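Chemist: Using this note's numbering, the first residue of the sequence shown is number 251, and each one after it goes up by one. Sharing a structure here in structure tokens format.
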Amino acid sequence: MKPEDKIMTETKGSGSTNLSRRSLLKAGLAGSGAALATGALPAAARAEGDPLITEIQDWNRYLGEGVQARPYGTPSQFESHVVRRDVEWLTASTESSVNFTPLHELDGIITPNGLCFERHHGGIAEINPADHRLMINGLVDRQMVFTMEDLMRFPRENRVYFLECAANSGMEWRGAQLNGCQYTHGMIHCVVYTGVPLKLILEEAGLKTNAKWLMPEGADASAMTRSVPMEKALDDCLVAFKMNGEALRPEQGYPLRLVVPGWEGNMWVKWLRRIEVGDEPWHHREETSKYTDLLETGKARRFTWVMDPKSVITSPSPQAPVRHGKGPMVISGVAWSGNGRITRVDVSIDGGRNWQTARIDGPSLPKAMHRFYLDIDWDGSDLLLQSRAMDENGYFQPTKNELRAARGENSIYHNNSIQTWYVQADGTVENVEVG
Ligand SMILES: Nc1nc2c(c(=O)[nH]1)N[C@H]1C(S)=C(S)[C@@H](COP(=O)(O)O)O[C@H]1N2
Ligand SMILES: [Mo]
251 MKPEDKIMTE TKGSGSTNLS RRSLLKAGLA GSGAALATGA LPAAARAEGD
301 PLITEIQDWN RYLGEGVQAR PYGTPSQFES HVVRRDVEWL TASTESSVNF
351 TPLHELDGII TPNGLCFERH HGGIAEINPA DHRLMINGLV DRQMVFTMED
401 LMRFPRENRV YFLECAANSG MEWRGAQLNG CQYTHGMIHC VVYTGVPLKL
451 ILEEAGLKTN AKWLMPEGAD ASAMTRSVPM EKALDDCLVA FKMNGEALRP
501 EQGYPLRLVV PGWEGNMWVK WLRRIEVGDE PWHHREETSK YTDLLETGKA
551 RRFTWVMDPK SVITSPSPQA PVRHGKGPMV ISGVAWSGNG RITRVDVSID
601 GGRNWQTARI DGPSLPKAMH RFYLDIDWDG SDLLLQSRAM DENGYFQPTK
651 NELRAARGEN SIYHNNSIQT WYVQADGTVE NVEVG
């Protein structure tokens, strides 16, 4: 670990950011902060003499590039800061590593393909789809090998799902650590997949009566394998070849990946080359030494597949400070649950003492990202921003202390607790914890 790393704020034991709720309450800062927005924008009509209004600009005067300039479009040059980022000290190599979705720059519920976080254990496999095969073996009536062309002849479906790595927010278990929601919550993406229901492929091979588990395997250098229970495979899993309408990106498993809706990202095997059917789980590395939750008793929770309800405010946040001063402010964030739809998101501006119900806008789809907003009139005082999500099964997000009381302090995986951002009067935002 390099403590001098720019994006890292050591909250524990570093004076300037060691913020407890009590100290804020004492200072009288945890009060009302803001009311719901009502007025008009104060800054709207101040254009008098503004050359951007009175002068003709170059882009107005000269012809622009023609249609042949960008056969495959990329974002505006002014958006070049909107990129995936990694944290160098987090992993020993870049091949077995992770980068993070820039959540603070995005809106709506769909993640653009080029910004979907990447997690791979053996680098990106570059596979010509003509050379790709999917094999089904084990407890089936017919062992089968499919080409990509074969798979294109099955009926296909389009569905929107989030994928969250079980290690998302893992660095935050013991205290506020990374200064930005890209780093604290960016191991997630949400796209529309096109693929074949796994059920149809398994039916083609014919399941034996004792077929209870699947072992999907990746064609990459890590040959990722996990055990997937048959009920899930037959319920809503997809073998997907498209994301957001175009072919999967190489980073996301081109030409074929498994989609395991609502369940931890590790099971969504990329570069899917084989599915073995068995009668019991395989107890491989990623379901024993990794992706299990070590409790205080020394026992570990295993097969904790579902990603429980979670949310985060993406703006304002440390990488998206408030630049506009007091007045109307849009508080925005995302929420998701592996159990189904998000039914409610509450937002607090005073560290969890009072809550207001946020407005969910855009499609509300099961096991997909949801977008929420709270529009306030900021009085310019310090805020302790939090959000908490509730899903259609009535589950809601715990506080950090509630989570630690239930699971102890050893865990990395499955941290779905409430995040706090400290917004200061000058608009800067920091990752903090309230007691
Ligand atoms: N073949 C293969 N599949 C894999 C992995 C891998 O390293 N190899 N990583 C897994 C992990 S840990 C996660 S979180 C997701 C990440 O998916 P993404 O790269 O599309 O974000 O892929 C999973 N599938
Ligand atoms: Mo992961």
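Here a beta-carbon is modelled for each residue, glycine too, at the ideal position from N, C-alpha and C. Quantities reported herein were computed from a predicted structural model and do not represent experimental measurements.
1) Does the beta carbon of E496 fall short of 7 Å from some heavy atom of ligand 1?
2) Whose beta carbon lies closer than 5 Å to any heavy atom of ligand 2, going through the chain in order?
3) I need the DSSP call for R654, collapsed to helix, strand or coil.
4) Answer yes or no: the CB of F367 versus the heavy atoms of ligand 1, is any distance below 7 Å?
5) Using a Cβ-Cβ cutoff of less than 7 Å, which residues in the same chain neighbour P500 once the five nearest sequence positions on both sides are dropped?
6) How is the alpha helix (DSSP H) around P687 delimited, first residue to last?
7) Just to confirm my understanding: we take E683, look at its own chain, exclude 5 residues before and 5 after, and list those with CB closer than 7 Å. What are they?
8) Can you list, in chain order, the residues of its chain with a C-beta nearer than 7 Å to that of T444? Leave out the 5 residues immediately preceding and following it.
9) Using only CA atoms, which one of D357, R523, H574 lies nearest to D629?
10) For a quick check, are the C-beta atoms of T607 and D600 less than 8 Å apart?
11) Please classify M402 as buried or exposed, where buried requires at least 16 neighbouring CB atoms within 10 angstroms.
12) For N387, which residues in the same chain have their Cβ closer than 6 Å to its Cβ, ignoring the five residues on either side in sequence?
13) Specify the secondary structure class of G577 as computed by DSSP and reduced to three states.
14) Kindly indicate which residue of I668, E530, M421, D391 has the alpha-carbon position closest to the one of W605.
15) Ligand 1 and G372: does any heavy atom of the ligand fall closer than 7 Å to the residue's C-beta?
16) Starting from the C-beta of A570, find all residues in its chain whose C-beta is less than 6 Å away, skip the five residues before and the five after it, and write them out in chain order.
17) Measuring only from the beta carbon, is M474 closer than 7 Å to any heavy atom that is part of ligand 1?
18) Is DSSP giving W521 helix, strand or coil here?
19) Could you check if G468 belongs to the surroundings of ligand 1, using beta carbon to heavy atom distance under 7 Å?
20) Quick one: give me the first and last residue of the beta strand (DSSP E) that R507 is part of.
21) Can you check whether the C-beta of H370 is within less than 8 Å of a C-beta belonging to chain C?
22) Looking at the secondary structure, which residues open and close the alpha helix (DSSP H) in which D485 lies?
23) What is the DSSP secondary structure of F328, counted as helix, strand or coil?
24) Rounded to the nearest angstrom, what separates G495 and T397 at their Cα positions?
25) Under 7 Å Cβ to Cβ from G612, same chain only, skipping five residues before and after it: list those, please.
26) Between H371 and S661, what straight-line distance do the alpha-carbon atoms span, to the nearest angstrom?
27) Under the three-state reduction of DSSP, which class applies to F668: helix, strand or coil?
28) When the Cα of G515 is compared with those of R334, P301, R369, K549, which residue comes out closest?
29) How many angstroms separate the CA atom of T344 from the CA atom of V679?
30) Hey, out of R552, V673, N666, L545, whose CA is closest to S587's CA?
31) Identify, in the order they occur along the chain, each residue of the same chain with its Cβ nearer than 6 Å to the Cβ of S472, setting aside the five sequence neighbours on each side.
32) Would you mind sorting Q432 into buried or exposed? The rule is 16 or more other CB atoms within 10 Å of its CB.
33) Let me know if E414 comes out buried or exposed under the rule of 16 or more other beta-carbons within 10 Å of its beta-carbon.
34) Does ligand 4 have even one heavy atom less than 7 Å from the beta-carbon of E501?
35) When you measure from the CB of V519 to every non-hydrogen atom of ligand 1, does any distance come out below 7 Å?
36) Using C-beta distances below 7 Å, list every residue in its chain close to T554, excluding the 5 sequence neighbours before and after it, in chain order.
Modeler: If we stick to the structure as given:
1) no
2) R369, C415, G515, N516
3) helix
4) yes
5) I374, E376
6) Outside the displayed range of the chain (251 to 685) lies residue 687, so it cannot be described from this structure.
7) T261, G425, A426, K650, T670
8) R406, N408, A490, F491, K492
9) The option with the nearest alpha carbon to D629 is H574.
10) no
11) Exposed: under 16 other Cβ atoms inside 10 Å.
12) Q393, E526
13) strand
14) I668
15) yes
16) H354
17) yes
18) coil
19) yes
20) Looking at the DSSP string, the run of the beta strand (DSSP E) that includes R507 is 507–509.
21) Of the protein chains in this structure there is only one, and it is not chain C.
22) 480–485
23) helix
24) Between G495 and T397, the alpha-carbon positions lie close to 21 Å from each other.
25) The answer, listed in chain order, is G358, I359, R621.
26) 21 Å
27) The sequence given here has Ile at residue 668, not Phe. Three-state result, I668: coil.
28) R369
29) 29 Å
30) N666
31) H371, G372
32) buried
33) By the Cβ-count criterion, E414 is buried, with 16 or more other Cβ atoms from all chains shown falling within 10 Å of its own Cβ.
34) Of the ligands this structure carries, namely ligand 1 and ligand 2, none is ligand 4.
35) yes
36) D543, H664
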